[in-house]
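Chemist: Going by this note's numbering, the first residue of the sequence shown is number 596, and it counts up by one from there. Every residue, glycine too, gets a C-beta built ideally from N, C-alpha and C. Pasting a structure below so you can have a look.
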Amino acid sequence: MPRVVSALLVCFALSLVLDAAPCVKIIDLSWSNPTLSFLEEHLADMEKESPLDGLTISFIGKKEPVDGKMRGPAHFNAWNRRPWKYELLQDEIQRYKSLKFTKFTDNFFYLTTIDVDFDWTSDDDWKTVANNFGIAAKVAKEMGLKGFLLDLEEYVKPFLSYGDDVHPKDISFDQLR
Numbered sequence: 596m597p598r599v600v601s602a603l604l605v606c607f608a609l610s611l612v613l614d615a616a617p618c619v620k621i622i623d624l625s626w627s628n629p630t631l632s633f634l635e636e637h638l639a640d641m642e643k644e645s646p647l648d649g650l651t652i653s654f655i656g657k658k659e660p661v662d663g664k665m666r667g668p669a670h671f672n673a674w675n676r677r678p679w680k681y682e683l684l685q686d687e688i689q690r691y692k693s694l695k696f697t698k699f700t701d702n703f704f705y706l707t708t709i710d711v712d713f714d715w716t717s718d719d720d721w722k723t724v725a726n727n728f729g730i731a732a733k734v735a736k737e738m739g740l741k742g743f744l745l746d747l748e749e750y751v752k753p754f755l756s757y758g759d760d761v762h763p764k765d766i767s768f769d770q771l772r
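Dropping the structure here:
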């Protein structure tokens, strides 16, 4: 009798798992990633009209002067020599948390490689990049995001290719690998 009961319990457990439909999500990964300001104005309409389950969102942060321009710490790019400060993203965290998502439940922090200013051989540059991605991960977690999307397309100048215009002339390809 115990074997029959055990077999029935196993069959019941398997039926629960096998009947479950796979969870398929549609996430927007287009070039038109909304900012928080855009979402604050248009979220209800977007969720009503869209087939999506989630978005990649551009977070910028509190702006400060950088090379004569006002730029937020994130401003799309964690991969550069400019270290992010967590404090400059705190307002964005609160603004995001105040949004009332009903449909877009699987959202991602959008990061790209626009304006890469990076030396592959510099330990200091790597520390800054690690700092920036660490802050991006912390912010994504605090906001309840699923993670971040790193768009590696080389929009302005190549940084993943080996060549004189990208890397120091005294560093060989084998050294960079």
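1) Between ILE766, LYS657, ARG676, PRO646, which lies nearest to ASP701 when the distance is taken from Cα to Cα?
2) Out of curiosity, what's the CA-to-CA distance linking LYS695 and ALA731?
3) What residue range is occupied by the uninterrupted alpha helix (DSSP H) comprising GLU642?
4) Over the uninterrupted beta strand (DSSP E) stretch that includes GLY729, give me the two end residues.
5) Could you give the DSSP three-state label for GLU749: helix, strand or coil?
6) Please name the residue or residues paired with ARG666 in a DSSP beta bridge.
7) Where LEU631 and SER767 are concerned, what is the direct C-alpha to C-alpha distance, given to the nearest angstrom?
8) Within 10 Å of its beta-carbon, does VAL711 have 16 or more other beta-carbons around it, so buried, or fewer, so exposed?
9) Using a 10 Å radius around the Cβ and a threshold of 16 neighbouring Cβ atoms, would you call THR707 buried or exposed?
10) Quick check on this structure: which residue in PHE699, TYR705, PHE743 has the alpha carbon closest to the alpha carbon of ALA639?
11) I want to know whether the stretch 659 to 679 touches the stretch 712 to 726 - three or more CB-CB distances under 8 angstroms.
12) Quick check: the Cα distance between ILE661 and GLY667, rounded to an integer number of angstroms?
13) Any idea what DSSP makes of VAL600, helix, strand or coil?
14) In its own chain, which residues sit with a C-beta less than 6 angstroms from the C-beta of ASP746, not counting the 5 before and 5 after it?
15) According to DSSP, TYR705 sits in a beta bridge with which residue or residues?
Modeler: In brief:
1) PRO646
2) 22 angstroms
3) 631 to 644
4) Taken as a continuous stretch (DSSP letters only), GLY729 belongs to no beta strand (DSSP E), being part of the alpha helix (DSSP H) at 718 to 738.
5) coil
6) GLU659
7) 43 angstroms
8) buried
9) buried
10) PHE699
11) yes
12) This sequence places Val at residue 661; Ile is not what is there. Cα-Cα distance, rounded: 9 angstroms.
13) Unreliable placement is indicated for VAL600, whose pLDDT of 49 sits below 50; the coordinate value is still reported in the next sentence. DSSP places VAL600 in helix when its eight states are reduced to three.
14) THR707
15) LEU744
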